[in-house]
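> Dropping the structure in here first, questions after.
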Amino acid sequence: MDAVLIVSSGERAANMLSDLLSSKHDFSISIAGDILTASRMFEEKEYCIVVINSPVGENNGAAFAEKLLNDTSCGVMLVVKAESEQRYESLLGSKGAFIVSKPVNRTVFEKGISFIRASQIRMKRTQSENLLLHKKIDDNRIINRAKAILMEYLSMTEPQAHKYLERQAMDLRLTKLEVAKNLLSTYDS
Numbered sequence: 001m002d003a004v005l006i007v008s009s010g011e012r013a014a015n016m017l018s019d020l021l022s023s024k025h026d027f028s029i030s031i032a033g034d035i036l037t038a039s040r041m042f043e044e045k046e047y048c049i050v051v052i053n054s055p056v057g058e059n060n061g062a063a064f065a066e067k068l069l070n071d072t073s074c075g076v077m078l079v080v081k082a083e084s085e086q087r088y089e090s091l092l093g094s095k096g097a098f099i100v101s102k103p104v105n106r107t108v109f110e111k112g113i114s115f116i117r118a119s120q121i122r123m124k125r126t127q128s129e130n131l132l133l134h135k136k137i138d139d140n141r142i143i144n145r146a147k148a149i150l151m152e153y154l155s156m157t158e159p160q161a162h163k164y165l166e167r168q169a170m171d172l173r174l175t176k177l178e179v180a181k182n183l184l185s186t187y188d189s
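Numbering of the sequence shown is given in my numbering, commencing with residue 1 and proceeding in unit increments.
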């Protein structure tokens, strides 16, 4: 179950936001009454969405929202007064915050949460693809280092070294990466 943190100094507003979240979604909802408590809670647990009901005490919540957007992958929704919506939109909208004006419209709120969730799914998919690409790059570095060793110590050409690694992988029933790692451990020692 995904966890959501509501940051609101008003208990009534926090309960209303909690009701809106739980009406269509199955979230584990936590509530913080101030930014300091929210920061502590965020350090202890990973939240997929943080809803900040601005202002939070003396704080408007924008700095906390910006910190979350810069340092985490959680989605941020900032609920602000209608007259401040444009200012917060220009300040945080381009960074990925979803800005909702008060009074909160149920449809807009639910669409905002759905948009944040869809964005997170796309971001996780992109992060997974990124990790796979980095692994492939790292694997290619190891294989290229093994080829360089073969070229240096056994005077092979690059195509010969490539073919040697492929042949060894096939003969030993290992991956080319495993053969390269074995070769590196032999020659780098």
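In this text, a Cβ means the ideal position worked out from N, Cα and C, and glycines have one as well.
Here the structure is a predicted model, which is why all the values come from computation and not from measurement.
#1: Please name the residue, chosen from Lys-147, Ala-169, Arg-173, that lies closest to Ala-161 on a Cα-to-Cα basis.
#2: Jot down the residue ranges of each uninterrupted alpha helix (DSSP H) in the segment 34-86, minimum 4 residues, whole runs only, in chain order.
#3: What's the call for Ile-121, buried or exposed, on a 16-neighbour Cβ count within 10 Å?
#4: With a threshold of 16 other CB atoms inside 10 Å of the CB of Met-77, please say whether the residue is buried or exposed.
#5: Give the straight-line distance between the Cα atoms of Tyr-153 and Ala-169, rounded to the nearest whole angstrom.
#6: Counting C-beta neighbours from all protein chains within 10 Å, is the total for Asn-70 16 or more, i.e. buried, or is it exposed?
#7: Nearest by alpha-carbon distance to Arg-106: which of Asp-19, Ala-3, Val-4, Ile-6 is it?
#8: Residues in its own chain within less than 7 Å of Met-16 by CB, not counting five upstream and five downstream?
#9: List the whole-angstrom C-beta distance separating Leu-91 from Ala-63, where the pair is believed to meet the contact cut-off of C-beta under 8 Å.
#10: Have a look at Leu-132 and Ser-73 and give me their C-alpha separation to the nearest angstrom.
On the basis of the data shown:
#1: Lys-147
#2: Runs of alpha helix (DSSP H) with 4 or more residues, each lying fully within the segment 34-86, are found at 35-44, 62-71, listed in chain order.
#3: exposed
#4: buried
#5: 19 Å
#6: exposed
#7: Asp-19
#8: none
#9: Their Cβ separation, rounded to whole angstroms, is 10 Å, which puts Leu-91 and Ala-63 out of contact at 8 Å.
#10: 19 Å
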